[in-house]
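FYI, the numbering for the sequence shown is -26 to -1, 1 to 127, going by mature numbering (1 follows the signal peptide of the UniProt record, and there is no 0).
Built from N, CA and C at the ideal position, the CB exists for glycine as well.
None of these values were measured; they are calculated from a predicted model.
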Amino acid sequence: MIQLTRPLRAMALAGALLACTAHAFAQADSPAGMWQTIDDSTGKPKALVQIADDGDGALSGKVVKGLGANDTPDRRCTACTDERKDQLIKGMTIIKAMKKDGDHWDGGNILDPENGKVYKCKMTLEDGGQKLVVRGYIGVSLLGRSQTWVRQQ
């Protein structure tokens, strides 16, 4: 068994704390991670969405789990009009092509599986990266609606 001296033990602890802190700061600087969506009309949790880098520096978001009262694992996007028509909502990519632009992410789009419509999208982190304001709009950002999502650990 290896005996750690007091200074070596302190350095190991400091290194572990530094790694945890760096991870927390990286998480607070990017929307990448798991988010609980909140319905803007009811204020109730609606789904869990995993946002991740899609490989070319853009972010995309996929539905991991529905949390609504009428969500079932076999629920499909019957209102969708693109390639997602009649596809399972669980596992569906609903956010595409979001690129960092200053302090927000923009340039992509978001699908509302309830009505099948695709909107331009803008995302902004708040509360030290613990909340994500997701705005879907048509044309200009003023003509749209926002939801505040909550980061899940």
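Return helix, strand or coil for D101, following the three-state DSSP convention.
In the structure shown, D101 sits in a helix (DSSP, three-state: H, G or I).
Looking at C95 and I112, is the spacing between their C-beta atoms short of 8 Å?
It is not a contact, given that the beta carbons lie outside the stated cut-off.
Please return the same chain residues whose Cβ sits closer than 6 Å to the Cβ of V38, not counting the five positions on each side in sequence.
Cβ within range, chain order: L22 and Q24.
First and last residue of the beta strand (DSSP E) that includes T67?
Segment T67 to D75, the beta strand (DSSP E) holding T67.
Can you tell me where the beta strand (DSSP E) with D80 in it begins and where it stops?
Annotation: the continuous beta strand (DSSP E) that includes D80 extends over H78 to D86.
Going by C-alpha distance, which of Q126, T122 and Q127 is nearest K18?
In terms of Cα proximity to K18, the closest of Q126, T122 and Q127 is T122.
Spatial distance of Q127 from L116 (CA atoms)
Straight-line measurement puts the Cα of L116 at about 32 Å from the Cα of Q127.
Cutoff 6 Å; reference T67; Cβ partners in own chain excluding five residues on either side
Answer for T67: S34 and K36, listed in chain order.
Indicate the three-state DSSP secondary structure (helix, strand or coil) for Q61 in the structure shown.
In the structure shown, Q61 sits in coil (DSSP, three-state: anything other than H, G, I, E or B).
Give me the residue from G118, I69 and G40 with the minimum Cα distance to R49.
Comparing Cα-Cα distances from R49 to each of G118, I69 and G40, the minimum goes to G40.
Under 8 Å between the Cβ atoms of G82 and K70?
Their beta carbons are under 8 Å apart, which means G82 touches K70 by this criterion.
I need the boundaries of the beta strand (DSSP E) containing T11, first residue and last residue.
Segment G7 to I12, the beta strand (DSSP E) holding T11.
Is it buried or exposed for C54, if we count other Cβ within 10 angstroms and need 16 for buried?
Counting of Cβ neighbours within 10 angstroms places C54 among the buried residues, the total reaching 16 or more.
Just the C-alpha distance for A(-1) and D28, rounded to the nearest angstrom, thanks.
Bear in mind that the predicted position of A(-1) carries a pLDDT of just 42, short of 50, making it unreliable; the figure below should be weighed with that in mind. Using only the alpha carbons, I get a separation of about 17 Å.
Pull up the DSSP beta-bridge partners for D27, would you.
D27 has L33 as its beta-bridge partners, per DSSP.
Rounded to a whole number of angstroms, what is the C-alpha to C-alpha distance between R119 and K91?
Going by the C-alpha atoms only, they are around 13 Å apart.
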